[in-house]
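Read the structure below first, then the notes.
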Amino acid sequence: MISDLSRFSLSSSSSAAPVLDDDQLLHVSLGPQHPSTHGVFRVNVALDGETVVSLKPVFGYLHRNHEKIAENATYLSSMPYTDRLDYICPLSNNWAYANAVEKLAGIEVPERAQYMRVILAELTRLINHTAFAGFILGDMGAWGSALMYAFRERELILDLFEDLTGARMMANFMRFGGCRNDLPAGWANKVSELVNGYGAFLDEMEDLLIGNEILLARTRDIGALPKDVLINGGITGPMLRAAGVNYDIRKVEPYGIYQRFDFRIPLGGTGDCYDRIMIRFLEMRESLKILRQALDQLPEGPFVHPKAKIRNFKPPVGEAYARVEGPKGELGFHLLSDGSANPYRYRVRPPSFINLTLLEDMCLGLDLADVVVILGSIDIVLGEVDR
Amino acid sequence: MTAPDRNSMDRESPDSHAGELPSQSGEAGFTALQSESPDSLASLLARLHDALPQAGVTLRTNPGPAAQHSLLVEPTHLTEVCRFLRDTPDMAFDFLSNVTGVDWPDPAKADTVAVPAEGEANASASGFLEVIYHLYSTTRRVGPLVLRARTADRGDNAKIPSLVAIYRSAEFQEREIFDLFGVEFTGHPDLRRILMWDEFTDHPMRKDYVAPDDYEYEPTPHDAVLEKAKRHDPSQQ
Amino acid sequence: MAIDPKLAEDLKSQGVHVTSFEQLINWGRSSSLWPLQFGLACCAIEMIAATMAKYDMARFGAEVFRPSPRQADLMIVAGTVTKKMAPQVVRLYNQMAEPKYVIAMGACAISGGPFKDGYNVLKGIDRFIPVDVAIPGCPPRPEALLDGLITLRSIIAKEKLMGKHRARHADPQGTAAFPVPEFGEHDLIPAANREIWNPPAVVRQAEGGET
Chain S
20 MISDLSRFSL
30 SSSSSAAPVL
40 DDDQLLHVSL
50 GPQHPSTHGV
60 FRVNVALDGE
70 TVVSLKPVFG
80 YLHRNHEKIA
90 ENATYLSSMP
100 YTDRLDYICP
110 LSNNWAYANA
120 VEKLAGIEVP
130 ERAQYMRVIL
140 AELTRLINHT
150 AFAGFILGDM
160 GAWGSALMYA
170 FRERELILDL
180 FEDLTGARMM
190 ANFMRFGGCR
200 NDLPAGWANK
210 VSELVNGYGA
220 FLDEMEDLLI
230 GNEILLARTR
240 DIGALPKDVL
250 INGGITGPML
260 RAAGVNYDIR
270 KVEPYGIYQR
280 FDFRIPLGGT
290 GDCYDRIMIR
300 FLEMRESLKI
310 LRQALDQLPE
320 GPFVHPKAKI
330 RNFKPPVGEA
340 YARVEGPKGE
350 LGFHLLSDGS
360 ANPYRYRVRP
370 PSFINLTLLE
380 DMCLGLDLAD
390 VVVILGSIDI
400 VLGEVDR
Chain R
27 MTAPDRNSMD
37 RESPDSHAGE
47 LPSQSGEAGF
57 TALQSESPDS
67 LASLLARLHD
77 ALPQAGVTLR
87 TNPGPAAQHS
97 LLVEPTHLTE
107 VCRFLRDTPD
117 MAFDFLSNVT
127 GVDWPDPAKA
137 DTVAVPAEGE
147 ANASASGFLE
157 VIYHLYSTTR
167 RVGPLVLRAR
177 TADRGDNAKI
187 PSLVAIYRSA
197 EFQEREIFDL
207 FGVEFTGHPD
217 LRRILMWDEF
227 TDHPMRKDYV
237 APDDYEYEPT
247 PHDAVLEKAK
257 RHDPSQQ
Chain X
9 MAIDPKLAED
19 LKSQGVHVTS
29 FEQLINWGRS
39 SSLWPLQFGL
49 ACCAIEMIAA
59 TMAKYDMARF
69 GAEVFRPSPR
79 QADLMIVAGT
89 VTKKMAPQVV
99 RLYNQMAEPK
109 YVIAMGACAI
119 SGGPFKDGYN
129 VLKGIDRFIP
139 VDVAIPGCPP
149 RPEALLDGLI
159 TLRSIIAKEK
169 LMGKHRARHA
179 DPQGTAAFPV
189 PEFGEHDLIP
199 AANREIWNPP
209 AVVRQAEGGE
219 T
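So the sequences go chain by chain: S, R and X. Add 19 to the 1-based position in the first sequence for the working numbering, that's all there is to it. Add 26 to the 1-based position in the second sequence for the working numbering, that's all there is to it. Add 8 to the 1-based position in the third sequence for the working numbering, that's all there is to it.
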């Protein structure tokens, strides 16, 4: 693992760091099997003592050829594959893809389906941010205690998903023009109960975390970058908003029916790792607000467009790029259609992959332990990074 | 170290649209460069022609319902067009969202998806690789502005200037297109394979790529996989 | 020499347990399997869920996930094994000390799963390392993983430590390390380890018949 790192040259690090010869540096390969890399992700770090001098990520260990498989499959058969992109938020990916195809083919979505989609997407945001809280504390050495609390709540939501879609994780639920099936009787009430009780869990987690000495020491003033650097680097999602940039696609370019809901966009101050963790808690509270409103306003009606085609679906020739605010950032799908049943080009714009662009910049001059915290605060999922 | 006040996190920037009801026009303040407002893309194109007449930027129409029309840019002028788009204060396209690579072995097909204007030169005789960029302006809430750049061919001249110096978000995405399509991005600081291993020589996303044959054991194949599996059938060898 | 079961029952009721070394050692080994912290893809999330409070893998002695392969004796290959990752998986397996076991969790680890048409996807980890238990599913539920773990425990309980049919780890001639594939120009070299992976040749019937 160490021998092939010699060709990575020193990047021009901050002016304070001395320029050392390559053989005075310690080259560490973090991953691909590592408890804190959130999957099979590898980082080649060159250290001067404990300080990071250069950091080169290595991708591709989970490159599953999703885009190539989609070119040989029909549009609908790619729906289950979108579940497996960001596998912690399957329903969000489903909606992003259905959104793009509906834009490509000009398909309308009925009201009830729109509300169902919003409810499922916000529930997905809850499970993503909850799992994130558990994982990042595990990265910092809490060894699964926080993860236990997080997964306890996540299991409640996964039970709801299983009731509705038949699967805990890989829901494959959205269709072009709506959803796959209607809500079972009593499901909306169960969601209401969950939403009413979720605030207590968030309070509990925040009480444990906000003033926690170790959390503050390890995440304050770590990994912050200026706003224009972040925008130029293509960073989106909670990482961008933690730095104070007010850019949330649900407000900026609303898709679905998000403009009907009254919710705020939390913004952070500096964008360090602490802000990134706390902003997700605030976002969860806003998601609960949206869920309450959506459940109140949920209308009756068809759950899918009556004329939605399942078989022989051939969108007209053209292309479309549509993006949604996934829990990790801007998830976009770029589809090119040549009029046949298979897409000519199917491209996923992966937020986790692009959010890693500035990983080296954030870690230079810090310690190796901070690399783990920064990587955790970006919140990546390798299924999306490598597709 | 004192713990921050929980309420102090709950801040919004002055130009926040949070909590606003949609305006009378129904849009929540975002302008999409679509055909229903042809003026916006057409006027942008006119400004590009004024400022950079040598760049030869042309409009390509998107025939589908999404109506996301694009601008075809010559690769040699790509960087100056992008710099103009980013640095002109009332354009302010500061966010490169997506970079997509497309393989067009049949150039005529490319013209059906991105239709040239009447009387404009048709696509080249040979196939080419295309890179499509989606730009947004975070301050003006405008987008997507779709740019297309095409290589001369699918062989040695598959080169396009890199946009990393202008938009850092292109760094990994251009490496991915280099890896999977074989487009060389001149000026990229670190152009090497990103998703496949370094010793790999093919460009898998190209339309003429042939995957390795490891279909020896296929218990329940059908269609294309069945054809591949039949090659390993001992009774047919 | 096996003891008469009725006699063993009688003795047990008196508080005397009679067993063999084999049974005792296998019982100890199967009750405290330490998995390697090794999740590849989506199945890893279900694996983590299986270790959490609702499904609780700790009941079966397997909650101590070790980050280092040197300290683990069970590798749960959870997720798609890509060709880029395959050499690392084999290396990790080689670094584990005997006795070691492999559970292939999920369709991807068994045969490539939904991604098997991919150019970078290895069609099953059993092409390079021996797999003891395969758990189908995409992803398998946490209960399925627990079922697989229980199956592995019963396999271990029946292992022979002496004699002709003894387990690989009890055999001084047994291989503990398998060759690591290398990155070739188009594919891994070799594409599969033919010494441990020899699937049956499938004969296709003529057109119109079912395979």
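Backbone N, C-alpha and C fix where the C-beta goes; we use that ideal spot for every residue, glycine too. Predicted model, so just to flag it, every value in this text is computed and none were measured.
In the DSSP assignment, residue 348/S falls within the unbroken beta strand (DSSP E) covering 348-356.
Contact residues of the segment 74-96 of chain R toward chain S are 88, 89, 90, 91, 92, 93, 94 and 96 (C-beta to C-beta distance below 9 Å).
Taking 7 Å as the CB threshold, residue 120/R lines the interface with chain S. For the options 100/S, 165/S, 116/S and 130/S, the alpha carbon positioned closest to that of residue 121/X is the one of 100/S. Between the segment 337-356 of chain S and the segment 113-133 of chain S, the count of C-beta pairs closer than 8 Å reaches three or more; the two stretches touch.
In this structure, DSSP gives residue 123/R an extended state, which the three-state scheme calls strand. Taking the Cα positions, residue 82/S is about 21 Å away from residue 210/R.
The beta carbon of residue 46/X falls within 7 Å of a beta carbon belonging to chain S, placing the residue at that interface. Contact between the segment 145-158 of chain S and the segment 294-304 of chain S is present: three or more C-beta pairs spanning the two stretches fall below 8 Å. Around residue 128/X, the beta-carbon contacts reaching into chain R at under 7 Å are 222. Secondary structure note for residue 63/S: its beta strand (DSSP E) is the uninterrupted segment 61-67. Bounds of the alpha helix (DSSP H) holding residue 308/S are 292-316. Using a CB distance cut-off of 7 Å, residue 186/X does not count as an interface residue toward chain R. Interface with chain X (7 Å Cβ-Cβ cutoff): residue 402/S is included.
Cβ-Cβ distances below 7 Å link residue 270/S to 284 in the same chain, with the five nearest sequence neighbours on each side left out; the list follows chain order.
Within a 10 Å sphere around the beta-carbon of residue 212/R sit fewer than 16 other beta-carbons, which makes this residue exposed. Of all residues in the segment 129-152 of chain R, the ones placed with a Cβ closer than 7 Å to any Cβ belonging to chain S are 135, 138 and 139, in chain order. Within chain R, not a single residue places a beta-carbon under 8 Å from that of residue 105/S; the smallest gap is close to 16 Å. Considering only 63/S, 289/S, 80/S and 66/S, the residue with the shortest C-alpha distance to residue 191/X is 80/S. Under a criterion of Cβ atoms nearer than 7 Å, the residues of chain R adjacent to residue 192/X are, in order, 225. About 16 Å separates the beta carbons of residue 110/S and residue 207/S, which is beyond the 8 Å limit, so they are not a contact pair. Annotation: residue 343/S to residue 112/S spans about 9 Å, alpha carbon to alpha carbon. Residue 124/R and residue 90/X have their C-alpha atoms roughly 25 Å apart. When C-beta atoms of the segment 48-61 of chain X are compared with those of the segment 188-203 of chain S, three or more pairs fall below 8 Å, so the two segments count as touching. Remark: C-beta atoms of residue 259/R and residue 202/X do not approach each other more closely than 7 Å.
Contacts with chain X at 7 Å (Cβ-Cβ) include residue 237/R.
Pairing residue 131/S with residue 280/S gives a Cβ-Cβ distance that is not under 7 Å. Considering only 294/S, 95/S, 205/S and 304/S, the residue with the shortest C-alpha distance to residue 234/S is 294/S.
For residue 151/R, same chain residues with a beta-carbon under 8 Å away, outside a window of 5 residues either side, are 133 in chain order. Here residue 194/S carries a strand assignment [DSSP, helix/strand/coil]. When 9 Å is used as the limit between beta carbons, residue 148/X is near no residue of chain S, the shortest such separation being about 11 Å. The continuous stretches of beta strand (DSSP E) do not include residue 107/R, which lies in the alpha helix (DSSP H) extending over residues 104-113. In the DSSP annotation of this structure, the continuous segment of the beta strand (DSSP E) that includes residue 77/S starts and ends at 70-77. Looking at the DSSP output, residue 111/X bridges to 84/X and 141/X. Taking C-alpha positions only, residue 11/X is separated from residue 171/X by approximately 19 Å.
When CB distances to chain X are screened at a threshold of 8 Å, the residues of the segment 63-84 of chain S falling below it are 79, 80, 81, 82, 83 and 84, in chain order.
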